[in-house]
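Number of protein chains: 2
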Amino acid sequence: MTESKQPNKQGKIRAQSQQKILEAAQQEFILQGYKGATVQSIADRAGLPKANVLYYFKSKENIYHAVLEQTLDMWDQGIGDIEPEDGPKVAIEKFIAAKVKMSFMHPDSSKIYAMEIIQGAQHLKEFARTYLRQWVRTKAKLFQHWIDNGEMKDVNPVNLIFLIWSSTQHYADFEAQILTIMNRADYEEEDVDQVTQFLTDIILRGCGLK
Amino acid sequence: MTESKQPNKQGKIRAQSQQKILEAAQQEFILQGYKGATVQSIADRAGLPKANVLYYFKSKENIYHAVLEQTLDMWDQGIGDIEPEDGPKVAIEKFIAAKVKMSFMHPDSSKIYAMEIIQGAQHLKEFARTYLRQWVRTKAKLFQHWIDNGEMKDVNPVNLIFLIWSSTQHYADFEAQILTIMNRADYEEEDVDQVTQFLTDIILRGCGLK
DNA sequence: TAACATTCTGACCTTTTGGTTAACTAAAAA
DNA sequence: TTTTTAGTTAACCAAAAGGTCAGAATGTTA
Numbered sequence: 001m002t003e004s005k006q007p008n009k010q011g012k013i014r015a016q017s018q019q020k021i022l023e024a025a026q027q028e029f030i031l032q033g034y035k036g037a038t039v040q041s042i043a044d045r046a047g048l049p050k051a052n053v054l055y056y057f058k059s060k061e062n063i064y065h066a067v068l069e070q071t072l073d074m075w076d077q078g079i080g081d082i083e084p085e086d087g088p089k090v091a092i093e094k095f096i097a098a099k100v101k102m103s104f105m106h107p108d109s110s111k112i113y114a115m116e117i118i119q120g121a122q123h124l125k126e127f128a129r130t131y132l133r134q135w136v137r138t139k140a141k142l143f144q145h146w147i148d149n150g151e152m153k154d155v156n157p158v159n160l161i162f163l164i165w166s167s168t169q170h171y172a173d174f175e176a177q178i179l180t181i182m183n184r185a186d187y188e189e190e191d192v193d194q195v196t197q198f199l200t201d202i203i204l205r206g207c208g209l210k
Numbered sequence: 211m212t213e214s215k216q217p218n219k220q221g222k223i224r225a226q227s228q229q230k231i232l233e234a235a236q237q238e239f240i241l242q243g244y245k246g247a248t249v250q251s252i253a254d255r256a257g258l259p260k261a262n263v264l265y266y267f268k269s270k271e272n273i274y275h276a277v278l279e280q281t282l283d284m285w286d287q288g289i290g291d292i293e294p295e296d297g298p299k300v301a302i303e304k305f306i307a308a309k310v311k312m313s314f315m316h317p318d319s320s321k322i323y324a325m326e327i328i329q330g331a332q333h334l335k336e337f338a339r340t341y342l343r344q345w346v347r348t349k350a351k352l353f354q355h356w357i358d359n360g361e362m363k364d365v366n367p368v369n370l371i372f373l374i375w376s377s378t379q380h381y382a383d384f385e386a387q388i389l390t391i392m393n394r395a396d397y398e399e400e401d402v403d404q405v406t407q408f409l410t411d412i413i414l415r416g417c418g419l420k
């Protein structure tokens with residue numbers, strides 16, 4: 001029972017190195033895909049020798065799992081929570097604002113997630129089947145309740161959720177295309193508000209809330 | 211000048227084999243990514259020996275290019291053409307209907323395209339910079355014209371185009387997630403109409419056209 | 001049928017990759 | 001100081017990958 005270590009210094013190096021590796025790996029996985037990202041390229045990007053990367057994560061699979069987990073945590077935190085007492089207008093406003101913000105602040109998480117789903121959601125099937133499905137059902141019920149109460153137009157709540165997800169995530173996932181089309185090098189501060197404003201405006205009115 | 215061949219039989223075998231290879235390749239590229247899709251796996255899926263695949267396409271790069279080209283052709287054909295004389299209501303209806311139909315009928319093309327963009331659009335930068343940018347500008351001007359004429363609400367036309375693209379393509383790209391959440395095995399005929407109906411309804415009303 | 005072109009294919013080669021190992025250093029505990 | 005533990009790294013290896021090639025098989029045409 002040599003349960004000593006980790007007063008502070010201990011886990012520090014570990015945590016730092018792991019984080020550096022995860023960030024590098026996320027980039028590489030996006031740019032090259034799972035198979036295309038090599039342990040060497042991840043190591044190079046992280047500024048570490050390959051063997052050191054394998055020391056912290058026993059295998060490439062493990063690195064990928066860790067990246068995905070980080071992504072799901074982000075999703076979980078960033079998703080604005082819809083609350084019953086908000087009413088439909090505020091709920092949708094909060095929901096859209098949260099998702100747009102996440103898209104602009106953590107586009108890479110969104111990209112990794114999108115690639116996983118496109119490729120068949122092999123690693124996320126369970127997450128979708130349990131967590132996501134439940135989340136959608138709960139929120140859909142809430143919307144349905146407001147609809148039944150005449151507080152908003154009768155639109156399919158599930159489709160509405162998909163609409164908000166897709167239209168907000170688009171700015172993260174399709175960043176390259178959007179910037180090219182608009183002939184811009186990067187997103188800027190005000191884009192977040194502009195997009196939030198636009199989507200909120202259209203969707204609220206679309207739901208008969210404006 | 212032995213310009214004989216191809217009265218009919220000639221190019222036939224060639225065309226058939228190539229098409230079989232392209233379909234197999236598209237699947238593999240989606241499922242495994244560019245690097246993950248091996249020439250062997252493409253050959254296996256196409257039911258041909260590897261060397262035969264390399265006989266028709268000199269390299270894996272070439273196969274990928276051919277797949278992308280096919281995808282852009284599809285995009286080009288499938289995009290409902292907005293015409294000035296339609297007016298905003300019909301234009302948006304046609305646009306949404308065309309994109310939804312494409313998403314449900316050719317989800318794989320949409321997926322390949324999406325992956326390319328997410329990964330930085332390396333092979334599509336030129337397409338986006340020239341063709342797409344021009345397309346968006348032309349259509350945006352049209353919408354702006356209608357807005358100036360008071361025929362629709364004052365919404366940002368470029369954002370509107372992005373909204374329609376994203377919300378429709380979502381059903382192709384995120385197929386796996388949507389089906390899992392809805393606890394279904396496959397899309398069905400009526401889904402196309404239902405989704406078209408939903409999106410048209412919300413977006414038209416969002417644009418003050420209902 | 002003979003000549004020619006096209007299609008097909010197993011065997012082979014080179015390079016790259018994920019992962020292991022063993023040895024070394026640094027630092028913290030005993 | 002001695003002993004452990006954590007971290008670091010070059011060198012190595014087996015497997016898998018992309019691609020070549022020579023020659024066999026199968027048409028096509030004259």
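If you're matching them up, the sequences are chains U and R in order.
Note that my numbering has the first sequence beginning at 1, numbered continuously upward.
Note that my numbering has the second sequence beginning at 211, numbered continuously upward.
Note that beta-carbon positions come from the ideal geometry of N, C-alpha and C, so glycine has one too.
Measuring straight from C-alpha to C-alpha, what distance separates residue i and residue j?
i: Ala386 of chain R; j: Met315 of chain R; result: 15 angstroms
i: Ile374 of chain R; j: Asp44 of chain U; result: 40 angstroms
i: Arg394 of chain R; j: Ser376 of chain R; result: 22 angstroms
i: Val39 of chain U; j: Ser17 of chain U; result: 15 angstroms
i: Lys50 of chain U; j: Gly33 of chain U; result: 18 angstroms
i: Ala234 of chain R; j: Ile223 of chain R; result: 17 angstroms
i: Ile63 of chain U; j: Gln19 of chain U; result: 11 angstroms
i: Glu126 of chain U; j: Val405 of chain R; result: 26 angstroms
i: Phe353 of chain R; j: Gly47 of chain U; result: 49 angstroms
i: Asp383 of chain R; j: Lys304 of chain R; result: 21 angstroms
i: Lys311 of chain R; j: Gln122 of chain U; result: 26 angstroms
i: Thr410 of chain R; j: Ile306 of chain R; result: 7 angstroms
i: Thr138 of chain U; j: Ile202 of chain U; result: 24 angstroms
i: Asn8 of chain U; j: Ala15 of chain U; result: Reliability of the predicted coordinates at Asn8 of chain U is poor, the pLDDT of 40 falling under 50, and no value is obtained from them.
i: Leu414 of chain R; j: Thr390 of chain R; result: 29 angstroms
i: Gly330 of chain R; j: His355 of chain R; result: 33 angstroms
i: Thr281 of chain R; j: Glu190 of chain U; result: 34 angstroms
i: His170 of chain U; j: Glu271 of chain R; result: 28 angstroms
i: Gly11 of chain U; j: Ala37 of chain U; result: 27 angstroms
i: Met74 of chain U; j: Leu68 of chain U; result: 10 angstroms
i: Ser4 of chain U; j: Tyr55 of chain U; result: The predicted model places Ser4 of chain U with a pLDDT of 35, which falls under 50 and marks its position as unreliable; any figure quoted below should be read in that light. Taking the straight line from one Cα to the other gives about 21 angstroms.
i: Lys245 of chain R; j: Asn359 of chain R; result: 51 angstroms
i: Gln197 of chain U; j: Asp403 of chain R; result: 29 angstroms
i: Ile118 of chain U; j: Tyr397 of chain R; result: 16 angstroms
i: Tyr341 of chain R; j: Phe162 of chain U; result: 29 angstroms
i: Gln344 of chain R; j: Ser59 of chain U; result: 46 angstroms
Ordered along the chain, which non-local residues of its own chain (more than five positions away) have a Cβ less than 7 angstroms from that of residue i?
i: Ala66 of chain U; result: Leu22 and Phe57
i: Ile289 of chain R; result: Ala308
i: Pro294 of chain R; result: Leu352
i: Ile388 of chain R; result: Tyr381
i: Ser313 of chain R; result: Ser320, Thr378, Gln379, Tyr381 and Ala382
Let me know the secondary structure DSSP gives residue i once reduced to three states.
i: Lys12 of chain U; result: helix
i: Met152 of chain U; result: coil
i: Gln119 of chain U; result: coil
i: Ile357 of chain R; result: helix
i: Met211 of chain R; result: Unreliable placement is indicated for Met211 of chain R, whose pLDDT of 30 sits below 50; the coordinate value is still reported in the next sentence. It is coil, neither helix nor strand.
i: Gly418 of chain R; result: coil
i: Glu398 of chain R; result: coil
i: Asn52 of chain U; result: helix
i: Thr38 of chain U; result: coil
i: Asn159 of chain U; result: helix
i: His170 of chain U; result: helix
i: Leu334 of chain R; result: coil
i: Gly33 of chain U; result: helix
i: Met392 of chain R; result: coil
i: Gly215 of chain U; result: This structure leaves residue 215 of chain U out entirely; chain U is present only between 1 and 210.
Suppose the cutoff is 8 angstroms on Cβ atoms and the five residues either side in sequence are ignored; what does the same chain contact list for residue i look like?
i: Glu361 of chain R; result: Gly297 and Pro298
i: Cys417 of chain R; result: Pro298, Ile302, Met362, Lys363, Val365 and Leu370
i: Val263 of chain R; result: Ile231, Val249, Ile252, Ala253, Ala256 and Ile273
i: Ile30 of chain U; result: Asp108, Lys111, Ile112 and Met115
i: Ile82 of chain U; result: Ala91, Lys94, Phe95, Lys139 and Leu142
i: Gln237 of chain R; result: Arg255 and Asp318
Leaving out five residues before and five after residue i in sequence, what residues of the same chain have Cβ atoms less than 6 angstroms from its Cβ?
i: Asp76 of chain U; result: none
i: Ile147 of chain U; result: Asp154
i: Lys210 of chain U; result: Leu204
i: Leu124 of chain U; result: Glu116
i: Pro157 of chain U; result: Ala140, Phe143 and Gln144
What are the start and end residues of each continuous alpha helix (DSSP H) run of 4 or more residues lying completely inside the region 267-294 of chain R, in chain order? Counting only runs of 4 or more, we get 270-288.
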